[in-house]
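For reference, the structure is listed below as structure tokens.
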Amino acid sequence: MSSCPRKFVAVALGFLASAPVVADECDQLPPPSVTLRRLPEKLSVDTRYGYREITHLAAEIARPGTRVLGLTRGTATVRAEIRSPSFIERSQRWECTSPQLVVTYGHDPMTVYIAREFPEKSCAYNEIYAHELRHMKAYHYHLAAIENDIAETLRRRFATGGAWRGPVGNTQAMLQRELNDRWLPYIKREIGKVESTQALIDSSDEYERVAKSCNGEIRKRLK
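Residue numbers (numbering that gives the first Met the number 0): 0 to 222.
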């Protein structure tokens, strides 16, 4: 009776040894990845314009009737660099591609405008500049706050599972099109959500505080 199990095992081992091993050549590619980077924060100060011109620049965000003495303006910028190692299968009809995305986002340029009516190093200039630095910090903190959510969203789309497969020459174009049409606009919308925080900084009380600072210097110069 002990001979039956031995024959069964021998047959099973013989079957496993003779089975062909088929490797997916696409597995040779590195796994898909997403890297998110923030742009270096480069701040420039522009004092070429008077407060009337700055008020005009800020027309979309300033309260009606407000004279804008300083303005912080950042242009939301998103760039995507795609490195996609690929493998073309033997028929030359299909390829697999592993997206390696490097997405850079932030504000470029970032400019602080201070009305030329207020000379540099004057008390009024310093007060206005200090107020604009609060806006600058709001931009900074917002970019840091959204980083993890953006990275996780992109990784769920591009860096889970294996390589992308499609007709030869199509996968790179498909990837670029999806980035341009869906994901870069999404990141810009996330960056733009900082405007609600910026509006809180420009409260009526804050405007009044700045206007009354420096022993009335600001109001005197506006007259």
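A virtual CB, placed ideally from N, CA and C, is assigned to each residue, including glycine.
query                                                                                                     : result
Within the segment 71-111, ranges of the alpha helix (DSSP H) (whole runs, at least 4 residues)           : none
Residue of R115, A137, L199 minimising C-alpha distance to I127                                           : R115
Distance between V33 and Q99 (C-alpha atoms, nearest Å)                                                   : 6 Å
Simplified DSSP assignment, three categories, for A11                                                     : Residue placement at A11 cannot be trusted, given a pLDDT of 36 that sits under 50; what the coordinates show is reported in the next sentence. Helix at A11.
Distance between beta carbons of A123 and C213, contact taken as under 8 Å                                : 5 Å
S43, buried or exposed, once every other Cβ within 10 Å from all chains shown has been counted against 16 : exposed
Nearest-angstrom Cβ-Cβ length linking L174 and I81, presumed shorter than 8 Å                             : 6 Å
Continuous beta strand (DSSP E) stretch holding S43: start and end                                        : 42-45
Terminal residues of the alpha helix (DSSP H) in which R36 lies                                           : Taken as a continuous stretch (DSSP letters only), R36 belongs to no alpha helix (DSSP H), being part of the beta strand (DSSP E) at 32-37.
Extent of the continuous alpha helix (DSSP H) to which P184 belongs                                       : 183-191
S97, buried or exposed, once every other Cβ within 10 Å from all chains shown has been counted against 16 : buried
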